[in-house]
Structure formats: structure tokens, C-alpha cells
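One point on numbering: in the numbering used here, the residue at position 171 of the sequence shown is 161, and numbering is uninterrupted. Don't be surprised by glycine CBs; every beta carbon is placed ideally from N, CA and C. Data block below; observations after.
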Amino acid sequence: MRYVSHFILNEMAWNLAANLLYTFAHPIPMMPENCFRLDGLIGDLFPQEYVGHIIFMSILLAALNCVIALMLCFQFRYMSLSHKNRIRHIRPLWGYLYCAGIQVSVSCLFVFYYLNWLVPLSDYPNQSVITSRMFCFHSSGFRKGFALFSFFGSTLLALLFMVLFNLLCLRRLHQQEGLLDARTVRLQKKLLRNLMILAAVPTLIGFLPILVAVVLVYRNDLTYSREISTTCIIIALNHGTVYGIVTIMLFKAYRAPIRQIFMKVRSKILFQKNNQLASNVIVWTAANEI
């Protein structure tokens, strides 16, 4: 569970990064143009075109790394079940370096595709729509399709691998039922079920709306594409709260510290109220004696 929690924290960290970026900077789609406008505090302070690209690219990178982190979690579970004796002799540092290498490699590829997709405002075909805080991309052609489908394909491929590793884990547990005691098999199945439930939250509320938004950015000429894509982005950004609540409900290792914090806060509040009540009683008694 200790190493599984590292993968969960990794996904949460990327989700937090995306939410923090969007809190202070809101890239708003400007369909039917293939442009975005950077609203929010950062957009007001830094209306330059390159700032919009940096923020938007960082948000997409954070979202992409969220799904990769989940995929790596299920890959780790499969390796721990199928090759337990082999990975026992491998230092955890190499596992961390492997995960970091996967995420850095995918991120570098996406940055390359993104930089080829963007177009300077001075070269954008429809100059009449250009306003302050806007940043634009190639509206058609190979560069647009390759950049968007690299993001779409990477996300979808990571989700498919996540499902594949989950099925392989279930198959491996079924094969080991005769070799392991019933309690171990039950605990492994429970952990795997909890991870699958946990992965369903960002998949359904986070990644699927983002994929819909990517399709609408590609088909930016469709009716209501701007409104639908904006709604999808808002839904995806709010999945973190649901994800945190589900994590606390599923895992006792997280639920117990939260309960302890709640009880400590509750006891402090009651202690302060009792002290205040005792002080009021003393003052009232002294006043009556006078």
C-alpha cells in the first residue's frame, strides 16, 4: 500500500498543478477561430501571447500526466503480482526513475508537437478577430491534426493500458488462488477493486470531457463547439474534489488520519467552548455576590 500511495499522490499532484494553473489563468476557447483567450489574474498581468501558450501547454501537460500516472499505478500492481520475487531485489529508486522517464518522455514529445501546432498572431490568417490576450494555432493541416491526435491518442492509449493491466491483474489473481491463502487473495482483490473505482472518477469526470473538448477544438466549425468545450473543461477541472473524497472513503490509510484531524479540531473547539462557558459562570457568580 505504501508504494501504491506514491502513485496516487503522483496523480493528485498533477491534478493539483492543473487546477492551480486554471485558478489564476483561464484559457477560454474562441471558436470558430482556432484561438484561445487568456482570462484570469495572469491574463490581466501578462497579456503577452507567449504567456498564454505557456499556461495552456502546462495545463494540457498536467492533464496528460494524470492519466499516465494512473496507468503506471496499474502497471506496478501487475508487476508486483506477476514478478514479485524479481522486483523485490530491485531498488525502489529504479522504479521511480522508470516512472519519471515515461512521464518526461511523453511530455517532451507533446511539447514538440505543441510548438509545431502554434502560430504567431502576426501570421494568423484572420487578423480582424485578434484581440488582447489571445493566442492562436494552425487552423487546419497536418500540424493541427498531429498535435491534437497525439494528445488524444496518448490519453486514450494510457486508458486502454490501464484497463489491460487491470484485466491482467485479475487473471493473475485467479491463477494464484490455489497458491495463496484466501485472506491474501481477498485483500489483493479489494485493493484492485478500490484502484479501479478510484480510476473511474478521473476517467469519467476528467479525461472523457477533455477528449470531447479536444475533438471540438479539432472540429471548431461545429455549432456550439465553444459552449460545449468550455463546459467540458469546467467539468474536468472539478473532478479533483470528487477524486479526493473517493480516495478518503476507499482507503483506511487515508481515512484514519482525516478522522484524527477532525477529532482533534472538534476537541479543541469543545475545549474552547467549555473554557468560555466556565469563564462566563465565574463572572456571573462574582457579579451576584457583589
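Relative to the Cα of L154, the nearest Cα in the group D113, F141, L62 belongs to L62. Contact between the stretch 143 to 161 and the stretch 53 to 71 is present, with at least three C-beta pairs closer than 8 Å. When DSSP states are grouped into helix, strand and coil, L108 belongs to the strand group. Rounded to whole angstroms, N228 and Y88 show a C-alpha spacing of 30 Å. Cα atoms of M186 and I238: separation of roughly 15 Å, rounded to the nearest angstrom. Only buried fits Y12, as 16 or more other CB atoms lie within 10 angstroms of its CB. Residue pairing by DSSP places P19 opposite F26 in a beta bridge. A direct Cα-to-Cα measurement between T193 and G135 gives close to 23 Å. In this structure, the CA atom of M21 is about 49 Å from the CA atom of L163.
When DSSP states are grouped into helix, strand and coil, F127 belongs to the strand group. For I77, the uninterrupted alpha helix (DSSP H) segment begins and ends at 74 to 77. In the displayed model, L212 falls within coil according to three-state DSSP, outside both helix and strand. Contact check for E1 and L50: beta-carbon distance about 16 Å, past the 8 Å limit, so the pair fails to qualify. For L194, there is no enclosing alpha helix (DSSP H), as DSSP gives it neither H nor E. With contacts defined by Cβ atoms closer than 9 Å, V96 and L54 form a contacting pair.
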